[in-house]
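Heads up, the sequence shown is in my numbering, so the first residue is 1 and it goes up one at a time.
Where is the CB? At the ideal position from N, CA and C, for every residue including glycine.
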Amino acid sequence: MTTGTQESVRTRLWRQGRLAATDFPFAEVSDYLEEDGALVWLDLCDPDHAQLCELAEELTLDQHAVEDVLAHAERTKATRYAHHTFLTVYATRLTVDAPPDSLGSRLRTSRVSVFVLPRGIVTVRRADAGSAGFDMEEVLRRWDDNSDLLQHGTAALLHGLLDVIVDGQFDAIQSLDDTIEDLEEGLFDDRAQTRVIQRHTYRARKELVELRRVVLPMREVVTAVMRHREENGNSVALDGWYADLYDHVIRATEWTESLRDMVTTVFETNLSLQDARLNTVMKKLTGWAAIIAVPTAVTGWYGQNVPYPGFGHNGGVVSSAVVIVGAAALLYVVFKRRGWL
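Here you go:
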């Protein structure tokens, strides 16, 4: 195999759990995969169709899985084929540099396709729109920190990769949780702008929908990996690690469920508060209209072309002023006690 460049291809080789070689030529991958006791990792970043087809032919990869790598908006899943297991998962992160009034989603997803072979894994990373792609450095660090597990084969490599992806999903969920809590605090702040809260609530709901689309299926993915791993007979040493990974996936799923309830509550509470504020404004307008109507009524009455008490005398002006001020003050006190003003 001669396809690929140093910039787009990364390789590693372990023997008996110990790192034996890094960044070796692409053409040597298939030879190492046939070696007993060898464990291989091959990483491709945004490969083209020709490169994937050559890889599939060399490693006997199913063509349906190859097409899934190239397809757009492929869902999170785990599929078992004759010679390998194929996974599609998404790394996530929530950006913080978005414009405050932007309605666009801040969630960035990066697709990672994984071919799980008997003696190694092949990762294919593709960046979605607005994303720089998934960085494998944290995965490599996780493998190095738990190098004793690598003697158990591909299950250890796959666990390290999935663990980093699930941790990234946790970080995105935490950031979204903080955003929703800020929205809750702003609901009862009289200085907060209702339009801003509405825009941020809409954006949070949009981001949560996108996040749930990639987080919820992770439960089935991890379950399928654990089941296939047990069938291969190498489950004992990694049982605790995979049980912990599965627990994290369940917690992430439950957390997104609670966030959905929270953002729905924020949305409904905001509408209720708007109605309450509107009722308050209407009561105030009604109260002031009633107060203004008193002098209008009095002056209109005294303006009729008929004699009235004090007509033609200064006392009439004084009495009309007293009636106006007294009636308006009485209405003001009554409305103020009832909370209309």
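As assigned by DSSP and simplified to three states, the class of residue i
i: Gln-6; result: In this prediction, Gln-6 has a pLDDT of 47, which is less than 50 and means its spatial position is unreliable; nothing more can be read from the coordinates.
i: Arg-219; result: helix
i: Ala-73; result: coil
i: Arg-12; result: strand
i: Ala-172; result: helix
i: Gly-120; result: strand
i: Val-40; result: strand
i: Ala-237; result: coil
i: Met-1; result: Model confidence at Met-1 stands at a pLDDT of 45, short of 50, so the residue's coordinates are unreliable; what they give is reported in the following sentence. Here Met-1 sits in coil by DSSP.
i: Leu-55; result: helix
i: Leu-158; result: helix
i: Leu-103; result: coil
i: Thr-280; result: helix
i: Leu-19; result: strand
Identified DSSP bridge partners for residue i
i: Asp-148; result: Paired residue(s): none; Asp-148 is not in a bridge.
i: Arg-125; result: Cys-45 and Val-112
i: Phe-86; result: Thr-79 and Phe-115
i: Arg-93; result: Arg-108
i: Arg-213; result: DSSP output for Arg-213 lists no bridge partner at all.
Residue j beta carbon less than 8 Å from that of residue i
i: Arg-76; j: Val-164; result: Looking at the sequence itself, residue 76 is Thr, so the reference to Arg does not match. Contact flag unset, no.
i: Leu-150; j: Val-222; result: no
i: Val-225; j: Ala-78; result: yes
i: Leu-61; j: His-84; result: yes
i: His-159; j: Leu-273; result: no
i: Asp-23; j: Arg-15; result: no
i: Leu-94; j: Leu-183; result: no
i: Ala-21; j: Leu-33; result: no
beta-carbon residue i near the ligand ADP non-hydrogen atom, thresh 7 Å
i: Thr-123; result: Summarising the ligand content, the structure contains no ligands, and the ligand ADP is consequently not present.
Touch check for the segment 102-120 and the segment 75-94: three-plus C-beta pairs under 8 Å?
Because the criterion of three Cβ pairs below 8 Å is met, the segment 102-120 and the segment 75-94 touch.
Would you call the segment 287-298 and the segment 316-328 in contact, with 3 or more CB pairs under 8 Å?
With a cut-off of 8 Å, the segment 316-328 and the segment 287-298 count as touching, because enough Cβ pairs lie within range.
Is there contact between the segment 182-198 and the segment 245-261, where contact requires at least three CB pairs shorter than 8 Å?
Fewer than three pairs of CB atoms, one per stretch, sit closer than 8 Å, so the segment 182-198 makes no contact with the segment 245-261.
Taking contact to mean at least 3 C-beta pairs separated by less than 8 Å, is the segment 201-208 in contact with the segment 266-280?
Segments in contact, yes.
How about the segment 118-127 and the segment 39-53: do they share at least three Cβ pairs that are nearer than 8 Å?
Contact check between the segment 118-127 and the segment 39-53: three or more CB pairs, one atom from each, fall below 8 Å, which counts as touching.
Any chance you could list the alpha helix (DSSP H) runs of at least 4 consecutive residues sitting entirely within the segment 240-267, in chain order?
Entirely contained in the segment 240-267, not one alpha helix (DSSP H) run reaches 4 residues.
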